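K.L.:
To start, I am sharing the structure in question, which I have written as structure tokens.
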Amino acid sequence: MAKFPETTSQSPYSPYDAERTLLRCGCGQDHAPQEHALAATDPDALSRDFIEASLVKAMFPVESVRRNFLRAVGAGTVRAAIASVLPLGSLQAMAQDKGTLEKKDLKIGFIAITCAAPLIMADPLGFYKREGLNVQLNKTAGWALIRDKMVNKEHDASHFLSPMPLAMTMGLGSSQVNMNVASIQNTNGQAITLHLKHKDKRDPKSWKGFKFAVPFEYSMHNFLLRYYLAEHGLNPDTDVQIRVTPPPEMVANLRAGNIDGFLGPDPFNQRAVYDEIGFIHILSKEIWDGHPCCAFGVSDSFIAQNPNTFAALYRAVLSASYMASQPKDRALIAKVIAPAQYLNQPEAVINQVLTGKFADGLGNIRNVPDRANFDPMPWQSMAVWMLTQMKRWGYIKGEVNYRQIAEKVFLLTDAKRQMKLAGFTPEAGAYRKFKVMGKEFDPAQPENYVKSFAISKLAS
4 MAKFPETTSQ
14 SPYSPYDAER
24 TLLRCGCGQD
34 HAPQEHALAA
44 TDPDALSRDF
54 IEASLVKAMF
64 PVESVRRNFL
74 RAVGAGTVRA
84 AIASVLPLGS
94 LQAMAQDKGT
104 LEKKDLKIGF
114 IAITCAAPLI
124 MADPLGFYKR
134 EGLNVQLNKT
144 AGWALIRDKM
154 VNKEHDASHF
164 LSPMPLAMTM
174 GLGSSQVNMN
184 VASIQNTNGQ
194 AITLHLKHKD
204 KRDPKSWKGF
214 KFAVPFEYSM
224 HNFLLRYYLA
234 EHGLNPDTDV
244 QIRVTPPPEM
254 VANLRAGNID
264 GFLGPDPFNQ
274 RAVYDEIGFI
284 HILSKEIWDG
294 HPCCAFGVSD
304 SFIAQNPNTF
314 AALYRAVLSA
324 SYMASQPKDR
334 ALIAKVIAPA
344 QYLNQPEAVI
354 NQVLTGKFAD
364 GLGNIRNVPD
374 RANFDPMPWQ
384 SMAVWMLTQM
394 KRWGYIKGEV
404 NYRQIAEKVF
414 LLTDAKRQMK
424 LAGFTPEAGA
434 YRKFKVMGKE
444 FDPAQPENYV
454 KSFAISKLAS
């Protein structure tokens with residue numbers, strides 16, 4: 004029969020004092036009859052105690068050793084020790100899948116790009132409502148404003164560029180606030196788009212003096228563009244200009260001749276083709292197939308204060324991500340995220356992006372089904388790669404503890420558990436290897452990787 008641990012000094016039934024047989028209460032719920040009053044007044048206490056007891060059992064599997072240890076140091080000491088090394092708030096949130104929501108009304112910021120498809124579609128398709136959440140999606144003008152609203156706690160959760168929570172946690176470019184990447188919103192889904200007047204300049208070596216736009220300094224767009232230029236012999240800090248431009252303004256700037264091109268998010272690459280202003284030079288998946296772009300994130304304090312709400316929000320977003328990952332649903336998704344309150348773009352443009360059947364502006368119709376994808380796994384090796392590029396281009400000075408930062412910010416363990424519940428089958432491990440422009444990245448050797456480039460701030 005199942006065993007249920009008894010209580011601590013903080014509640015009537017300590018998980019550290021003894022074990023006893025679980026009996027079903029007459030009310031029909033899975034707690035013992037003597038725990039009925041506790042379950043009614045504090046339904047989360049039993050779950051909290053069960054998690055802590057399970058951790059103690061895992062650390063001290065031999066019962067006699069466990070009992071002697073607990074008698075020697077006391078339950079309070081053990082509880083404090085566990086809390087100091089393990090994210091109990093997050094673990095509790097994952098265990099209390101249907102616990103009482105601490106906060107039902109939430110404000111979530113987003114930028115109007117296809118990368119945010121899971122966060123956006125979860126509203127019209129009812130994923131938030133199903134979890135008992137009343138979500139207000141706030142369309143936000145640019146990434147600096149997204150950051151500031153999270154720092155100032157005007158938003159409860161947000162659509163982020165995946166490097167942003169790393170930078171915010173390190174205090175780069177803003178006040179230091181501990182942020183988390185709960186899931187990756189999208190993989191691939193970007194492109195380098197050039198003005199039509201550059202049709203005859205397909206060789207990047209001819210781009211010296213070009214002006215490019217990226218959406219933010221701490222973005223995969225900036226890092227991928229810099230990588231691509233450097234691999235073709237151009238120094239991104241001296242041979243070209245790179246300007247931060249909000250995504251919705253990129254096409255207008257291309258039309259006006261203020262920029263020669265951009266590495267930006269969709270649907271704006273496809274919109275430039277649709278408006279007959281630009282052409283798609285290269286998809287970002289051709290630089291790094293499977294690269295992360297945007298993320299869904301929350302602060303440490305939000306998780307600590309609202310563990311059940313965080314779990315519910317997590318379930319909603321991952322369920323939407325699972326639907327978005329299915330090619331058969333892409334046309335429907337294009338339809339529901341196209342309206343003015345969301346992307347405010349022609350459905351035909353979004354459909355080309357999500358289905359991967361698109362005009363490239365050079366007279367070709369291309370069929371690339373994984374042009375945009377929605378694998379939510381926040382691999383910690385991805386975070387390490389981003390940190391190497393921050394170091395390479397001078398955004399980070401001095402020594403970097405790559406693994407410590409990656410594991411603090413990218414919530415891989417939590418994501419795997421919730422992904423299983425949402426229908427994904429997550430791969431094992433945390434530091435998956437990958438290739439960028441044919442060069443393998445080994446996350447175990449980040450400093451060697453940083454030093455391997457001929458063009459970088461470190462080499463100049």
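For this note's numbering, count along the sequence shown from 1 and bump the result up by 3.
All C-beta atoms, glycine included, are put in the ideal place defined by N, C-alpha and C.
The structure displayed is predicted, hence computed values, not measured ones.
Can you list, in chain order, the residues of its chain whose CB lies under 8 angstroms from that of LYS208, leaving out five sequence neighbours each side?
P.N.:
Closer than 8 angstroms at Cβ, skipping near neighbours: HIS235, GLY236, LEU237.
K.L.:
Can you tell which of ASP159, LYS156, SER178, MET223 has its C-alpha closest to the C-alpha of LEU390?
P.N.:
Ranking the options by Cα distance to LEU390, first place goes to MET223.
K.L.:
Pick from GLN188, ALA170, ARG258, LEU346: whose alpha carbon is nearest that of MET182?
P.N.:
Answer by Cα proximity: ALA170.
K.L.:
So, with DSSP's three-state summary, where would you put PRO268?
P.N.:
Of the three classes helix, strand and coil, the one that applies to PRO268 here is strand, per DSSP.
K.L.:
Rounding to the nearest angstrom, what Cα-Cα distance links GLY31 and ARG274 in this structure?
P.N.:
In this prediction, GLY31 scores a pLDDT of 41, lower than 50, which makes its location untrustworthy; no coordinate-derived value is stated.
K.L.:
For the stretch 324-369, list the alpha helix (DSSP H) runs that are entirely contained and at least 4 residues long, ordered along the chain.
P.N.:
With a minimum length of 4 residues, the continuous alpha helix (DSSP H) runs that stay inside the stretch 324-369 are 333-340, 350-358.
K.L.:
What is the rounded straight-line gap between the Cα of GLN179 and the Cα of THR416?
P.N.:
Distance between the alpha carbons of GLN179 and THR416 is about 24 angstroms.
K.L.:
Give the DSSP bridge partners of MET124, in chain order.
P.N.:
The partner list for MET124 (beta bridge, DSSP) is empty, contrary to what the question assumes.
K.L.:
Helix, strand or coil: how does DSSP classify CYS296 here?
P.N.:
It is coil, neither helix nor strand.
K.L.:
Among all the DSSP beta bridges, which residues are the ones paired with ARG395?
P.N.:
DSSP output for ARG395 lists no bridge partner at all.
K.L.:
Quickly, what does DSSP pair GLU443 with across the bridge? List them, please.
P.N.:
Paired residue(s): LYS438.
K.L.:
If you count every other CB in all the chains shown that lies within 10 Å of the CB of LEU461, and 16 or more means buried, which is it?
P.N.:
Flag for LEU461 reads exposed.
K.L.:
Express the C-alpha separation of ALA315 and ALA98 in angstroms, rounding to a whole number.
P.N.:
Only weak support exists for where ALA98 lies, its pLDDT of 44 falling under 50; the coordinates are left without a value.
K.L.:
If distances are taken between C-alpha atoms only, which option among LYS132, LEU128, GLY366 comes closest to LEU109?
P.N.:
Of LYS132, LEU128, GLY366, the residue nearest in Cα terms is LYS132.
K.L.:
Please classify THR428: does DSSP put it in a helix, a strand, or coil?
P.N.:
Here THR428 sits in coil by DSSP.
K.L.:
Cα separation between TRP388 and MET380?
P.N.:
Those two C-alpha atoms are separated by around 15 angstroms.
K.L.:
Using a Cβ-Cβ cutoff of less than 7 angstroms, which residues in the same chain neighbour GLY426 once the five nearest sequence positions on both sides are dropped?
P.N.:
Contacts found: TYR325.
K.L.:
Can you name, in chain order, every residue of its own chain whose Cβ lies under 6 angstroms from the Cβ of PHE271, other than the five neighbours on each side?
P.N.:
Here the set comprises PRO250, MET253, VAL254.
K.L.:
Tell me which residues share the same chain as THR172 and place their Cβ nearer than 8 angstroms to its Cβ, disregarding the 5 neighbours each side in the sequence.
P.N.:
Result list for THR172: GLN179, VAL180, ASN181, MET182, ILE408, LYS411, VAL412, in chain order.
K.L.:
DSSP three-state label for LEU286, please.
P.N.:
Looking at LEU286 - three-state DSSP - the assignment turns out to be strand.
K.L.:
Confirm the yes/no value for this check: CB of ARG258, any heavy atom of the ligand FAD, distance under 7 angstroms.
P.N.:
Judged by which ligands are present, the structure shown has none, so any question about the ligand FAD falls away.
K.L.:
Considering only residues of the same chain and omitting the five flanking positions on each side of PRO449, which have a CB-CB separation below 6 angstroms?
P.N.:
Answer for PRO449: VAL387, THR391, TYR405, listed in chain order.
K.L.:
CA-CA distance, GLN383 and TYR434?
P.N.:
The straight-line gap from Cα to Cα measures roughly 6 angstroms.
K.L.:
Going by C-alpha to C-alpha distance, which of GLY176, GLN139, PRO127 sits closest to LEU148?
P.N.:
With distances taken between Cα atoms, LEU148 lies closest to GLY176.
K.L.:
Could you name the residues of the same chain whose beta carbon sits closer than 6 angstroms to that of ASN376, not counting the 5 residues immediately before and after it, in chain order?
P.N.:
Around ASN376: THR190, ASN191.
K.L.:
Put LEU228 into one of helix, strand or coil per three-state DSSP.
P.N.:
LEU228: helix per DSSP, three-state reduction.
K.L.:
Would you give the residue range spanned by the beta strand (DSSP E) that MET182 belongs to?
P.N.:
Taken as a continuous stretch (DSSP letters only), the beta strand (DSSP E) holding MET182 covers 182-187.
K.L.:
Confirm, please, whether the CB-CB distance from LEU122 to GLN188 is below 8 angstroms.
P.N.:
Yes. Within cutoff.
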